[in-house]
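Novice:
Structure representation (structure tokens):
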């Protein structure tokens, strides 16, 4: 299935969970926030949140800022 | 004198210097500057996760520091809806209720959008955030923000990163006179003397970033700002003498030097 991750199109296995996507991208261990189609998905819900065709996923973290 | 604490909502802080973490050459310098500043409220920004930069994660080291409360900002938001979304994401990330609402539609001037800021502040305050709005130095807007439940108001001294100092000081004076929440000068400062000036004026605190990060030696500049903020606050508490239009002698003007004839 096609999904968009941080603005980039990606081909992922159908029904993949958000948690599995994070692990595949190397964001599984770090502190990140996830947003699925504009809704925040709490960390505890990622393992059961499966993705669908054309979903938009944002994976966010902190950077320096004033 | 009783303990002089900065009160933000139900949180209290001993330091009146808030530090931003942007523009530092590297994380190690930023962390040393933070230690030198004594800041207890530290701003961070949201960005997209990038596997190539995972090693540069700020959250890890910052969350290890005792006595530091993170204040994520909503930088990048161009309207209230984006700022509200950023605030919710930031709370999910760090659990902090402090949020610096920063909405600037024009990247050249980075001036805050008063209308969108008020709307975002209203929604986020109702959700339990301690809203810290970056705002134009407008006394009427400051009251409107107070009415929707912000934890502080953060008028700019001058545009972000401009180093133009306390250009807005006359408006700041009116905001301070009328405000029931702490007034924190956010943005535009360059020199520690300007931070001292803001505190002397009655600002509760200042937030600096570029002034420290872009200094030749950021760690030393952070320490200088810490001293200036303490001096400015002490001066405010001591009560400045009134301004006079005429001179008033400090030494006795006796006539003993006059030639005796």
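Protein chains in written order, with the numbering used here: chain A, 10 to 75; chain B, -2 to 258.
Glycine included, every Cβ here is placed at the ideal spot set by N, Cα and C.
Remember, it's a predicted structure, so these values are computed and weren't measured experimentally.
(1) Could you pull the DSSP bridge partners for residue 10/B from this structure?
(2) What residues in its chain sit with their C-beta under 7 angstroms from that of residue 35/B, if we drop five residues either side in the sequence?
(3) Give the C-beta separation of residue 125/B and residue 94/B to the nearest angstrom, bearing in mind that I take them to be a contact with Cβ-Cβ under 8 angstroms.
(4) Of all the CB atoms in chain A, is at least one closer than 8 angstroms to the CB of residue 27/B?
(5) For the beta strand (DSSP E) containing residue 140/B, name the first residue and the last one.
(6) By Cβ distance, which residues of its chain are closer than 8 angstroms to residue 96/B, with the 5 residues on each side in sequence left out?
(7) So is residue 238/B buried or exposed if we call it buried at 16+ other beta carbons inside 10 Å?
(8) Is residue 64/A close to chain B? Criterion is C-beta to C-beta, closer than 8 angstroms.
(9) Give the C-beta separation of residue 39/A and residue 19/B to the nearest angstrom, bearing in mind that I take them to be a contact with Cβ-Cβ under 8 angstroms.
(10) At 9 angstroms on the CB atoms, spell out the chain A contacts of residue 110/B, in chain order.
(11) Measuring straight from C-alpha to C-alpha, what distance separates residue 42/A and residue 45/B?
(12) With distance defined between alpha-carbon atoms, name the residue in 103/B, 28/B, 33/B nearest to residue 55/B.
(13) If the cut is a Cβ gap below 7 angstroms, which residues of chain B does residue 60/A touch?
(14) Kindly say whether residue 25/A, judged by its beta-carbon, lies nearer than 8 angstroms to any beta-carbon of chain B.
(15) Shorter than 8 angstroms from the beta carbon of residue 44/A to some beta carbon of chain B?
(16) Considering only the alpha carbon of each residue, which of 64/B, 145/B, 152/B lies closest to residue 119/B?
(17) Looking at residue 181/B: is its Cβ nearer than 8 angstroms to the Cβ of residue 204/B?
(18) Can you give me the C-alpha to C-alpha distance between residue 80/B and residue 183/B, rounded to a whole angstrom?
(19) Classify residue 236/B as helix, strand or coil using the three-state DSSP reduction.
(20) So, using beta-carbon positions, are residue 59/B and residue 41/B closer together than 8 angstroms?
(21) The beta strand (DSSP E) that contains residue 56/B, what's its start and end?
(22) Quick check: the Cα distance between residue 38/B and residue 202/B, rounded to an integer number of angstroms?
(23) Which residue or residues does DSSP assign as beta-bridge partners of residue 65/A?
(24) Give a yes or no on whether 8 angstroms exceeds the smallest Cβ distance from residue 20/A to chain B.
(25) Could you round the C-beta distance between residue 30/B and residue 209/B to whole angstroms and report it? I think they count as a contact, below 8 angstroms.
(26) Just confirm the distance between the C-beta atoms of residue 194/B and residue 229/B, as a whole number of angstroms; I'd bet it's less than 8 angstroms.
(27) Starting from the Cα of residue 16/A, find the closest Cα among 57/A, 52/A, 67/A and give me that residue.
Specialist: Looking at the atomic coordinates:
(1) 3/B
(2) 12, 14, 223
(3) 6 angstroms
(4) yes
(5) From DSSP, residue 140/B is part of no beta strand (DSSP E) but of the alpha helix (DSSP H) over 136 to 144.
(6) 68, 69, 70, 71, 84, 87, 88, 121, 126, 127, 128, 129
(7) exposed
(8) no
(9) No, residue 39/A and residue 19/B are not in contact; Cβ-Cβ is about 20 angstroms, not under 8 angstroms.
(10) Result: empty, since nearest Cβ-Cβ is about 18 angstroms, beyond 9 angstroms.
(11) 9 angstroms
(12) 28/B
(13) Per Cβ cutoff of 7 angstroms: no residues; residue 60/A is ~16 angstroms from chain B at best.
(14) no
(15) yes
(16) 145/B
(17) yes
(18) 18 angstroms
(19) coil
(20) yes
(21) No beta strand (DSSP E) holds residue 56/B; the alpha helix (DSSP H) holding it covers 56 to 61.
(22) 11 angstroms
(23) 13/A
(24) no
(25) 6 angstroms
(26) 7 angstroms
(27) 67/A
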